[in-house]
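Going down the list, the protein sequences come from chains A and B. So the first sequence is residues 0 to 341, counted in numbering that gives the first Met the number 0. So the second sequence is residues 0 to 285, counted in numbering that gives the first Met the number 0. What follows is a set of notes on a single structure, which appears directly below.
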Amino acid sequence: MLSNAGANSAGAARFKLGTWGWVAVFVLAALVPLFGPSGYLLDIGVNIMIYAMLAYGMNVLLGYTGQLPLAHAGFFGIGAYTVGILTLKAGWSFWLAWPVAVALCAVLGLLLGLVAFRTKGDAFSIFTLGVGVIIMLVINKWDALTGGNEGLNGINPPAGLEALSKGVGLKLSAGFYYLALIALILTVLAVARARGSVFGRSLIAIRGGEDLARSAGIDVFTHKLRAMMLSTAIAGFAGGVYAVYVGFLGSASAGPAMTFTVLLYLLAGGLGTLAGPLIGPALLYTLTQSLKGLQDYQYIVFGPLLVLLIMFAPQGLAGLWMKAQARRELAAVTGKKGAERA
Amino acid sequence: MLDSSVGTGSNSVGTELLRVEGLGIRFGGLHAVKDVTATIPAGQITAIIGPNGAGKSTFFNLISGFYKPTTGRIIFGGEDITRLKTHEVVASGMARTFQTTTIYKELSVLENAMIGHRVRTRAGLLDALLRTGRERKDEQESRDAALTALTRVGIAAHAGRPAGAMTQEGQKRVGIAMALASNPKLLLLDEPAAGMNPEETVSLMALIRELVAGGLTVTLVEHKMSLVMSLADHILVLHHGQKISEGVPAQVSRDPAVIEAYLGSHAHGGQMGQATVAATGEAPHA
């Protein structure tokens, strides 16, 4: 995927280990439907993967570029509604509507970025929060196009997905699971490639200090715009899967509450890491689902757990692991130094 | 006026590389830099000096495109770069370091230098996603350019270390390597010796001389007068945002306006006492 060969062979070795780790995770995930799990388990899996994709999209801007975008769910909604509207009202195939939705989100992300990146820091976040609210309101009020309050009902599964699933002896729910898994793999691959590239290194430079990046010769504005496009395109990509999976769309899924849920998952998983956007949704979504039985009291459990997480793992769960690894490496280095001195 | 010999890599020593004409910037009512006209000759070390608050750093920020001047023009290598954005100024062949050790401390030394080469590469998001030939070529080229820059400043052996784990002097060198990785014709150093002990300062001076011997033009802002007087070929003195003197060290240090500026500010700060001694006493021996 990306070679780290050269001066840092330890880094390269670690990266290869990372690559095999990912292969193992995805192979295991791909085996799940073969054991005939309940529909409920598969549903949790699909939801986790959709949230993970959203978190990966947000991570591109927040984790790598250092910009907190709060219109993220708006693009999720735009992606979902684009697929919903094109398949329901224009009779398009999902396989055509999906890439169109992704492209539309990228273009709208570019337009938002052109305006929003004139602001920085908190102002950027607040501005995009406003845009997120507006997107939700437009979806909610534009009855003729989006169905307004009633929402969009009866979005069909992708053409051929059911036949394909049945063909290999699986249920449609397993078919959706694989659709989401493939989409997630593509997302992780895209984000890993972007992060490991010349482009991605420039994003990290911007996160580390905009003025320094500018002085180092990086075109900060253009790089932020591209990061925004990748981020919103991934949100739209996730939205497309969501639309056909649930078959019903309401404007709430495009609102700030959704954005903040994704943000929470991302923070818990680990900002700026490749594993964090998957770990966060996997743990927290499962947790919220298993606490559902407590109904109104679920937040009494959820809240303190979150506080503990922030207290003991402010860098997220992936960050916790990386910190432990860094400590081991440091111990190895200082140990060597001590030996040299002795 | 339009010196066409400038602009390619090989500048003969002494020809004009950068010229500012009537350069000025106002922050509200304050004229931080006012009507400065000066030249920076190619292949030499130019020092910008002046008492605290003389506008040295502001002047630096102006020529490096970080601030946009309210008046005047900046001509670099025969081209007007006054209105260029900061990264475009870097692309035109001018790179800078910062007063403090402003580098990416959490990234490796190599990555810091690779970031400095970004301005010479074109691979974008699509190249990254599709892993095009351009992406691979640019990545390799960045790595090579970064290693070359690290070798030039003598820290190639530390390429894999986190930059923050380097010594103060090492971090300065990382900053210089980051600037060098953009293949500049002109290198701007903002107080390179700040926070250095005398030994480190000496080794840094040696590095700067080496770079200039290799054909680079260096301009620096510096407080340490001993360093300036023994290092600079050409000195530009700013006071209250205006140029009060320009020339070779021996000439500048005898300029009554310079002595007056430093003596005048002597009462306000201890550090300038040193400067006065240096400017008046040491210079004849330099």
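Quick reminder that beta carbons are idealized off the backbone N, C-alpha and C, glycines included.
Near L203(B), which residues of its chain fall below 7 Å by C-beta distance, leaving aside the five closest residues on each side in sequence? E168, K171, P191, A192, M195
Taking F301(A) as the reference, which of L136(A), L282(A), G76(A), L95(A) has the closest Cα? L282(A)
Check the C-beta distance from G42(B) over to V88(B) and give it rounded, since I have them as a contact under 8 Å. The pair is not a contact, with the Cβ atoms about 20 Å apart (cut-off 8 Å).
Just by C-beta distance, which residues in the region 203-216 of chain A are closer than 8 Å to chain B? I203, A204, G207, G208, D210, L211, A212, R213, S214, A215, G216
Rounded to a whole number of angstroms, what is the C-alpha to C-alpha distance between Y176(A) and K104(B)? 42 Å
Which residue's Cα is closest to the Cα of G315(A): L136(A), I278(A), C104(A)? I278(A)
Under the assumption that I80(B) contacts S91(B) (Cβ atoms under 8 Å), give the Cβ distance between them as a whole number of angstroms. 6 Å
Could you please give me the residues that DSSP links to M93(B) through a beta bridge? L185(B)
Is there a Cβ from chain A that is less than 8 Å from the Cβ of D137(B)? yes
Nearest-angstrom Cα separation, counted from G254(A) out to I133(A): 9 Å
In the region 62-90 of chain B, which residues sit with their C-beta less than 9 Å from some C-beta in chain A, listed in chain order? S63, G64, F65, K84, T85, H86, E87, V88, V89, A90
Residues near L293(A) by beta carbon distance below 7 Å, same chain, minus five either side: V300
When we look at the beta-carbon of N111(B) and count the other beta-carbons within 10 Å, is it buried (16 or more) or exposed? buried
Just the chain A side, please: which residues come within less than 8 Å of Y261(B) by C-beta, in chain order? Here the premise fails: no neighbours, minimum Cβ distance about 30 Å.
Please work out which residues of its chain come closer than 7 Å, Cβ to Cβ, to V45(A), disregarding the five sequence neighbours upstream and downstream, and give them in chain order. F175, Y176, A179, Y244
Using CA atoms only, rank isn't needed, just tell me which of F74(A), V240(A), A182(A), P276(A) is closest to F93(A). V240(A)
Please name the residue or residues paired with A37(B) in a DSSP beta bridge. V19(B)
Within this structure, are the beta carbons of A242(A) and H71(A) separated by less than 8 Å? no
Quick one: give me the first and last residue of the beta strand (DSSP E) that H238(B) is part of. 233-238
Which same chain residues end up closer than 8 Å to D42(A) when comparing Cβ atoms and leaving out the 5 residues on each side of it in sequence? S172
Should A127(B) be flagged as near chain A, meaning a C-beta pair shorter than 8 Å? yes
Since I138(A) and G76(A) should fall inside the 8 Å C-beta cutoff, what is the C-beta to C-beta distance between them, to a whole number of angstroms? 6 Å
Inter-residue spacing [alpha-carbon to alpha-carbon] between T38(B) and L16(B): 7 Å
Express the C-alpha separation of V130(A) and R225(A) in angstroms, rounding to a whole number. 19 Å
Residue environment, W97(A), which counts as buried when at least 16 other CB atoms sit within 10 Å: buried
Looking at the secondary structure, which residues open and close the alpha helix (DSSP H) in which Y226(A) lies? The question names Tyr, but residue 226(A) is Ala in the sequence shown. Unbroken alpha helix (DSSP H) run through A226(A): 219-245.
With DSSP as the reference, label R130(B) as helix, strand or coil. coil
Pull out every residue of the region 166-191 of chain B whose Cβ sits closer than 7 Å to any Cβ of chain A, in chain order. M177, S181
Keeping to the same chain, check which residues put their C-beta closer than 8 Å to that of L211(A); ignore five residues upstream and five downstream. A204
Which of the three DSSP states, helix, strand or coil, is assigned to N196(B)? coil
Distance between L149(B) and A176(B) (C-alpha atoms, nearest Å): 6 Å
Chain A contact residues for V217(B), given Cβ-Cβ distances below 8 Å: Neighbours of V217(B) on chain A: none; closest Cβ ~16 Å, over 8 Å.
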